[in-house]
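Residue numbers (the numbering used here): 5 to 138. Working notes, structure below.
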C-alpha cells in the first residue's frame, strides 16, 4: 500500500502542475520571418501558444519587445515582465497587467501560416512561418 501511495501521489502532483502550467507555455517556431515596414527582420522570434495564440519577440524601433496575437481579441503590445524565457520556450507570468490591447487590434488577419496587423505605431507588420512537417 505504501509503495502504491509513493507512486500515485507524485504522478497526481505532476498532472496537476501540468494542468496549471501548460496553457502558459509558448513553444518556439524556428522557421519564421517578420516583415516590418516592407523589410525582413532576422532577429524576430515566433512562439506558438495555446488556443491559436502567437507571441512575437522582436527588437523593432519604437515598439514593445513582445507582440501578442490572440484570435479572439486581436493584437497587444507587452512589456519585458510579461514573459519568462526558459530554454526554447516562454512562460507567461501575468500577461493581463503587462499587455496593452491597442485600437484596431481586432483587425488582424491570420491564416494557417501568417498573421498581418498594424503595430501600435500604425506600421504594417506581417509574421510568416512554415507549418510543421506531417
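Where is the CB? At the ideal position from N, CA and C, for every residue including glycine.
For residue 32, which beta-bridge partners are listed by DSSP? Working through the chain shown from its first residue, we reach residue 32 at position 28. According to DSSP, which records beta bridges pairwise, residue 32 is partnered with 51.
What's the call for residue 102, buried or exposed, on a 16-neighbour Cβ count within 10 Å? Taking the first residue of the chain shown as 1, we reach residue 102 at position 98. When all chains shown are included, residue 102 counts as buried.
Close Cβ partners of residue 64 (< 6 Å) along its chain, the five nearest in sequence each way excluded: The sequence position of residue 64 within the chain shown is 60, counting from 1. So the qualifying residues of the chain are 40.
How is the beta strand (DSSP E) around residue 121 delimited, first residue to last? One-based indexing of the chain shown puts residue 121 at position 117. Here the beta strand (DSSP E) through residue 121 covers 118-122.
Contacting residues, own chain, Cβ-Cβ under 7 Å from residue 6 (five flanking each side not counted): Counting from one through the chain shown, the residue named residue 6 turns up at place 2. Within the same chain, residue 6 has no close Cβ partners at all.
Roughly how many angstroms separate the alpha carbons of residue 43 and residue 82, rounded to a whole number? Working through the chain shown from its first residue, we reach residue 43 at position 39. Working through the chain shown from its first residue, we reach residue 82 at position 78. Those two C-alpha atoms are separated by around 22 Å.
DSSP state of residue 6, grouped into three classes? Counting from one through the chain shown, the residue named residue 6 turns up at place 2. Secondary structure at residue 6: helix, using DSSP grouped into helix, strand and coil.
Could you tell me the alpha carbon to alpha carbon distance between residue 85 and residue 53, rounded to whole angstroms? Position 81 of the chain shown, counted from the start, is the residue given in the question as residue 85. Position 49 of the chain shown, counted from the start, is the residue given in the question as residue 53. Approximately 17 Å between the Cα atoms of the pair.
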